[in-house]
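I have placed the structure first, in the form of structure tokens, so that the comments after it can refer back to it.
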Amino acid sequence: MTNRLDDKISAFVLELVDDPPAAPEVDFEAARGSALRPLEQVPKRRRAPIPVVVGAALLVLIAIGLPVLLFSGGDAEVVDEPATTTAVTTTTPPPMTAAPSPLSLPETWQRVGASVMTPAAGLIDMAVTESGLVAVGFDPGEEDFRQNGAIFGSTDGVTWTRLAEDDPALNVGTLLLYGVTEGGPGLVAAGFGCEVDTEGCAPYPTVLTSVDGTSWERSPANPEVFGERGSLLDVVNTEHGLIAAGGFYTTEDDAELIRPTVWLSSDGLEWERVWQGGAFDYSAATTNTGFQALTTSADGLVVGVGTAINDQGEFVGAIWTSVDGRAWERIDQNSEVFTSGTSSDVSILGVASGPSGFVAVGSDGGTEVAIWHSPDGRTWTGADTADQPFDYIGSLGAVDDLHSVWIAAGPHGFA
């Protein structure tokens, strides 16, 4: 990323903080230009919830230059209230198909797709499908910084096409996309946004579905399921169904609270809010809070990572596990493994599974790379990165396993 783009993103995030707010074969090239996350005014405060999410998510920007290579990519209480559902559409989903096998480990890289990806401020997630690759993110917006969803497709990882550029599902109100997976009617994307065009809005979790990526259906506001303010920061397709996770924002006694939250769907069309963690005041955090990323292992264990508080009120790395997508357990909430070595807030931003277990990556205070590994998703150890060649890379935002070799990526010079 160039310095010019860094400055542009910094200005974009600062402005937001100051004024808060399986799939059928598809010809991606032929789909170019075809149709493919609202904001009640948010009062100004020292740190707005969703802008913090925006800043952290820019860590996950990954440049791809190889055909069919991608990055897939105290105890909390269970919700006592009955689960609620929302209907998005009535399309019957086709059967899922297996993803292509990864290629051999790459030795050289090149930037591709720059001309069609401009002016996207971030590509946050990517999925491999039967037809190729799909990447999602968002454009920086116009003078009022209202973002549009951005979706790109490629059959080989080299030539990219922007999908559904003029689709209202991506362009009405505000939309930031943070996750995409094959599933449901074909593709399911998740993020947050709103559908009103007036200045200022309270973004809520948003799901989009598509048969082939060229046109999309966007879930409407549904406070009973998604809440009035919140975010979805990842979505994965598992043997338990589609799982999306993020944060659910509330205000109690003038305190800004967040609950790490999980949603579940069998088809990507109707969703349940199935689990919420304990609420805590995130306004003092210097990093993004709640769930940030999800992964699933071959034996069906689902692992979610992010940031939450320990019993001392410190913002530390957080890892949750589930065997069914509905009941979740937070791992070693007070373990020193997830605390900072510099008395800073700790972020876990990416997680992946492989034959040797799990690896999670993130940042200690935004200035030091942080890495954790686990043989089973339940017992974690922090890696000593002091003598490793991370130079000015202060954070890692994504990780994946490729033929038993772990690959991680992050921004240079992040703080």
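In the working numbering, the protein residues as written are 1424 to 1838.
In this text, a Cβ means the ideal position worked out from N, Cα and C, and glycines have one as well.
Keep in mind the model is a prediction, meaning the values are calculated, not measured.
Quick check: the stretch 1640–1651 against the stretch 1713–1729, are at least 3 beta-carbon pairs closer than 8 Å? Contact between the stretch 1713–1729 and the stretch 1640–1651 is absent, because fewer than three Cβ pairs lie under 8 Å.
Can you confirm whether the stretch 1601–1611 touches the stretch 1684–1697 when touching is taken to mean that 3 or more C-beta pairs between the two stretches lie within less than 8 Å? By the Cβ rule, the stretch 1684–1697 counts as touching the stretch 1601–1611, because three or more pairs are nearer than 8 Å.
How close, in whole Å, do the beta carbons of glycine 1764 and aspartate 1787 come, if the pair is a contact with beta carbons under 8 Å? The pair is a contact, with the Cβ atoms about 6 Å apart (cut-off 8 Å).
Report yes or no: do three or more beta-carbon pairs, one from the stretch 1586–1598 and one from the stretch 1613–1621, lie closer than 8 Å? Enough Cβ pairs lie closer than 8 Å, so yes.
So leucine 1593 is in the alpha helix (DSSP H); what residue range does that whole segment cover? Residue range 1591–1594 is occupied by the alpha helix (DSSP H) that includes leucine 1593.
Should the stretch 1750–1762 be regarded as contacting the stretch 1808–1815, the criterion being three or more beta carbon pairs within less than 8 Å? Result no; under three Cβ-Cβ pairs closer than 8 Å.
Per the DSSP calculation, tyrosine 1601 is bridged to which residue(s)? The partner list for tyrosine 1601 (beta bridge, DSSP) is empty, contrary to what the question assumes.
Jot down the residue ranges of each uninterrupted alpha helix (DSSP H) in the stretch 1536–1593, minimum 4 residues, whole runs only, in chain order. Within the stretch 1536–1593, the complete alpha helix (DSSP H) runs of at least 4 residues are 1537–1540.
Candidates Arg1652, Ala1668 and Glu1651: closest to valine 1658 by CA position: Among Arg1652, Ala1668 and Glu1651, the Cα nearest to that of valine 1658 is on Ala1668.
Strand pairing of tyrosine 1627, partner residues [DSSP]: Gly1616.
Looking at tryptophan 1686 and glutamate 1695, is the spacing between their C-beta atoms short of 8 Å? Cβ distance < 8 Å, so glutamate 1695 and tryptophan 1686 count as in contact.
Decide if serine 1776 is buried, meaning its Cβ has at least 16 other Cβ atoms within 10 Å, or exposed. The C-beta of serine 1776 has 16 or more other C-beta atoms within 10 Å across all chains shown, which makes the residue buried.
Can you tell me whether phenylalanine 1761 is helix, strand or coil according to DSSP? DSSP places phenylalanine 1761 in helix when its eight states are reduced to three.
Straight-line gap, alanine 1707 to threonine 1719 (C-alpha atoms, nearest Å): Taking the CA atoms as reference points, alanine 1707 sits about 31 Å from threonine 1719.
Distance between leucine 1665 and threonine 1632 (C-alpha atoms, nearest Å): The alpha-carbon atoms of threonine 1632 and leucine 1665 are separated by roughly 12 Å.
Residues in the same chain with beta-carbon distance under 6 Å from isoleucine 1742, minus the five sequence neighbours each way, listed in chain order, please. Non-local C-beta neighbours of isoleucine 1742 in its own chain, meaning closer than 6 Å and more than five positions away in sequence, comprise Val1728 and Ile1754, ordered along the chain.
DSSP three-state call for proline 1778: helix, strand or coil? Correct three-state label for proline 1778: coil.
Mapping DSSP to helix, strand and coil, what is valine 1648? In the structure shown, the three-state DSSP call for valine 1648 is helix.
Give me, in chain order, the residues of the same chain whose beta-carbon lies closer than 6 Å to that of alanine 1543; leave out the 5 immediate sequence neighbours on both sides. Excluding its 5 nearest sequence neighbours in each direction, alanine 1543 has C-beta neighbours in its own chain below 6 Å: Gly1560, Asp1562 and Ala1573, listed in chain order.
Alpha-carbon to alpha-carbon, aspartate 1824 and valine 1581: Between valine 1581 and aspartate 1824, the C-alpha separation is close to 21 Å.
Please report the straight-line C-alpha distance between valine 1782 and threonine 1802, rounded to a whole angstrom. Rounded to whole angstroms, the gap between the alpha carbons of valine 1782 and threonine 1802 is 11 Å.
Backbone secondary structure at glutamine 1533 - three-state DSSP: In the structure shown, glutamine 1533 adopts coil according to DSSP, grouped into three states.
Rounded separation between leucine 1717 and aspartate 1620 - CA only: Distance between the alpha carbons of leucine 1717 and aspartate 1620: 31 Å.
Mind checking whether leucine 1655 and glutamine 1715 have CB atoms under 8 Å apart? Taking a C-beta distance under 8 Å as the contact criterion, leucine 1655 and glutamine 1715 do not qualify as a contact pair.
Using three-state DSSP, classify tryptophan 1751 as helix, strand or coil. Of the three classes helix, strand and coil, the one that applies to tryptophan 1751 here is coil, per DSSP.
What are the partner residues of isoleucine 1742, as DSSP defines its beta bridges? Bridge partners of isoleucine 1742: Val1728.
For tyrosine 1815, which of helix, strand or coil comes out of DSSP? Coil, per DSSP.
Among Arg1749, Trp1532, Val1769 and Pro1626, the one whose alpha carbon lies nearest that of threonine 1712: Nearest option by C-alpha distance: Val1769.
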